[in-house]
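Residue numbers (my numbering): 1486 to 1594.
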């Protein structure tokens, strides 16, 4: 197998699932779509994908092959998926507390 494809296989296989999760993150909740929120969401998705790529490469390059050669792909996929979900979860919480919640609180005069 081509070494470039081999090290990026986890990302290639999970990219459709990442696209589905990214779409759900982008479109929900449907209210308060401001420019700030769009920029925050775009940044969060880019950071989550970057975390996933870094984690995938780390998992592939540091896996112990004494238990089998396939373990490199298994570890890379697991760590990559966990990093992507962790990034999206942190972004959901940050978006709620930094953007959505302050938008709901009326300004007292």
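Using N, Cα and C, we set each Cβ at its ideal position, and we do this for glycine too.
Handout entry: Selection from 1568, 1545 and 1525 that minimises the alpha carbon distance to residue 1488
Key = Counting from one through the chain shown, the residue named residue 1488 turns up at place 3. Closest in alpha carbon position to residue 1488, among 1568, 1545 and 1525, is 1545.
If I measure Cβ to Cβ from residue 1495 and keep anything under 7 Å in the same chain, skipping five residues before and after, which residues do I get? As a working mapping, residue 1495 is identified with position 10 in the chain shown. Here the set comprises 1541, 1558, 1561, 1562 and 1565.
Cβ-based neighbour list, residue 1533, same chain, cut-off 7 Å, excluding 5 preceding and 5 following: Counted from its first residue, the chain shown places residue 1533 at position 48. If we look at residue 1533 and ignore the five residues flanking it on each side, its Cβ neighbours are 1569, 1572, 1573 and 1576.
(Q) Within 10 Å of its beta-carbon, does residue 1530 have 16 or more other beta-carbons around it, so buried, or fewer, so exposed? (A) Residue 1530 sits at position 45 when you count from the first residue of the chain shown. Burial call: buried.
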